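Residue numbers (my numbering), protein chains in the order written: chain A, 1 to 486; chain B, 1001 to 1094. Note that beta-carbon positions come from the ideal geometry of N, C-alpha and C, so glycine has one too. Keep in mind that this is a model prediction, so the values were computed, not measured. Structure first, then comments.
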């Protein structure tokens, strides 16, 4: 046998449970594959062969005792923004290049408890700030479907590793689309849960009112599984919500008869790539064929979302990143006194996009400008949120493109931050409103780059999202092709 | 409200960042582009709209006033760039 790296979590789990294959053998297979293929992809920043082997041996013993879960012995990757006890966590930044966290993020601890095996830490835009993974201090990740194209971002390594079969699934984080957009560009499934669904404890903060951890996987069932094992209240995150975690797998078999799917007209206009538009329209036809009732809806404040987001996110970031001062952990530069040391450390430790966002956030919060920017953006955020509340009064979910274009070329937008920001137009509203969203593969461009369909749901509507995404996936074959070079 | 190079230098100072002269020029241009785009929000009449800082209807979250475990001091200091006698070492302050 062999080739277990090609399998999904749901396919491999029964084989592991029945003892037909050992998690140790599967882990070795993945480690060899990472060693051979990662240098050309740069999806992993840190590989942990010894840790993974030890976890695989523990999983094997646990499975033998019959005490496994569907994740026991499953090799996963983690975005390098999730802290891992004793395993280097960099946030793709020089400032944390040698940081060894003293504890695990809650989401990581929960997967560990379920018996998952962690292969290593995945590349990203520095501090999750970016849409292409080009802002990594350790070089960009390539798109497995085409070298020289971006994998999306900020969870580009997490999406590329899953697409290239360098792990069976991964965790990413999504502040403005950072799970859904790379999943879309890499032809895999990415789920951003409702704000508060998954504890953010141990997720290095970018914009605390927007950040959320979620899975990137080969299919919808696997996303449901990883969500189930990571979701739930955590006393260590006061914004994690104490609501029961439903059995997401149970919803997967249900059909879409009578489900009302809203199609927001603001998401289909100028700027939308024609191939993306055609693929999403075909996907809407498929949803209708499956029994869903399509309804035109309006989210009138959509055009203000990018401006609103980049005020709120950078304001929160400027405050959150004040902690990197060269005192408690991380890189320290020299200086004759404390102030010089702070400035030298932060200037040498942060990359250009992080410095740009800290500056922007500092400015919009500064005296005299707070009202015009931050307060105004917070009011617009309320209007954007209200748009969604009104839409969900008439429909169960919304269907939209994930990104206005397929993956672009490395370097194409680096010099022009505003153009890069505008590529987040379809994903950031969900973060501002705190609602869940999923990206599922829905086609390819003529050039062979994947296209994603985004489904958005009401708060804590993950079950209906997964149900619809799964029905769509069952009716189509877009998740099946693998990148030729991997 | 166009941002001047002087203001960019001031913001950098507030953020504890140093800027090279050519960076002042680059950041002034880029930040002005972004801020000009953000002016779009002024098109909207938001009078009477309560600002939304957070998506959840959460009030303060309290826990019981009980002593629980904390990170041992040695572990807390493990990542420090400089330490001495169980404390973080920093350059001279005064």
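- Spanning the alpha carbons of residue 318 of chain A and residue 456 of chain A requires a straight line of approximately 29 angstroms.
- Relative to the Cα of residue 163 of chain A, the nearest Cα in the group A/177, A/146, A/173 and A/226 belongs to A/146.
- When rounded, the separation of the alpha-carbon atoms in residue 58 of chain A and residue 11 of chain A is 21 angstroms.
- Secondary structure remark: continuous alpha helix (DSSP H) runs of at least 4 residues inside the region 107-165 of chain A, in chain order: 156-163.
- Here residue 158 of chain A has 79, 122, 170, 172 and 216 as same chain residues with Cβ atoms under 6 angstroms from its own Cβ, once five neighbours each way along the sequence are excluded.
- At a cut-off of 4 residues, the continuous stretches assigned as alpha helix (DSSP H) that sit fully inside the region 338-404 of chain A are 338-349, 352-365 and 376-394.
- Neighbourhood of residue 127 of chain A in chain B, by CB distance below 7 angstroms: empty, with the nearest CB roughly 14 angstroms away.
- Rounded to the nearest whole angstrom, the C-alpha separation of residue 20 of chain A and residue 201 of chain A is 36 angstroms.
- The criterion of a C-beta distance shorter than 7 angstroms is not satisfied by residue 407 of chain A and residue 167 of chain A.
- Among the residues of the region 344-358 of chain A, those with a Cβ less than 8 angstroms away from any Cβ of chain B are 344, 346, 347, 350, 355, 356 and 358, in the order of the chain.
- Burial is judged here by how many other beta carbons sit within 10 angstroms of a residue's own beta carbon; residue 1027 of chain B has at least 16 and is buried.
- The closest CA to that of residue 404 of chain A, considering only A/461, A/49, A/99 and A/450, is found on A/450.
- Within 7 angstroms of the CB of residue 196 of chain A, the CB atoms of chain B belong to 1056, in sequence order along the chain.
- Residue 38 of chain A and residue 165 of chain A have their C-alpha atoms spaced approximately 11 angstroms apart.
- DSSP lists no beta-bridge partner residue for residue 319 of chain A.
- Contact between the region 243-259 of chain A and the region 285-294 of chain A is present: 3 or more CB-CB pairs across the two stretches fall below 8 angstroms.
- For residue 44 of chain A, the enclosing beta strand (DSSP E) has its first and last residue at 44-47.
- In terms of Cα proximity to residue 264 of chain A, the closest of A/387, A/243, A/413 and A/298 is A/298.
- Linking residue 252 of chain A to residue 467 of chain A through their CA atoms gives a straight-line distance of about 5 angstroms.
- Per the C-alpha coordinates, the member of A/360, A/307, A/388 and A/469 positioned closest to residue 1039 of chain B is A/307.
- For residue 1061 of chain B, the nearest CB of chain A lies under 7 angstroms from its own CB, placing it at the interface with that chain.
- Contact between the region 237-256 of chain A and the region 130-147 of chain A is absent: fewer than three C-beta pairs spanning the two stretches fall below 8 angstroms.
- For chain B, the residues of the region 95-107 of chain A that bring a beta carbon within less than 7 angstroms of one of its beta carbons are 99, 100 and 102, in chain order.
- Assigned with DSSP and collapsed to three states, residue 1088 of chain B falls in strand.
- From the beta-carbon of residue 1073 of chain B, no residue of chain A is found nearer than 7 angstroms; the closest lies around 11 angstroms away.
- With respect to residue 192 of chain A, residue 211 of chain A sits apart: the two C-beta atoms are not nearer than 7 angstroms.
- Contact between residue 311 of chain A and residue 364 of chain A is confirmed by a C-beta separation of about 5 angstroms, below the 8 angstroms threshold.
- Each residue's CA atom was taken as its position, placing residue 161 of chain A and residue 179 of chain A some 13 angstroms apart.
- Sequence-ordered contacts of the region 327-343 of chain A with chain B read 327, 328, 329, 330, 331, 332, 334, 335, 336, 337, 338, 339, 340, 341, 342 and 343 [C-beta pairs closer than 9 angstroms].
- Contact of residue 1011 of chain B with chain A is assigned, a C-beta pair being separated by under 7 angstroms.
- Neighbours of residue 1080 of chain B across chain A, judged by C-beta separation under 8 angstroms: 327, 328 and 329.
- The alpha carbon of residue 270 of chain A has as its nearest neighbour, out of A/356, A/423, A/190 and A/223, the alpha carbon of A/423.
- Using a Cβ-Cβ cut-off of 7 angstroms, residue 1030 of chain B is close to 356 and 417 of chain A, given in chain order.
- Taking the Cα of residue 241 of chain A as reference, the smallest distance to any Cα among B/1055, B/1010 and B/1020 is reached at B/1055.
- Distance from the CA of residue 3 of chain A to the CA of residue 184 of chain A, rounded to the nearest whole angstrom, comes to 25 angstroms.
- When A/473, A/472, A/469 and A/459 are compared, the shortest CA-CA separation from residue 197 of chain A is found for A/459.
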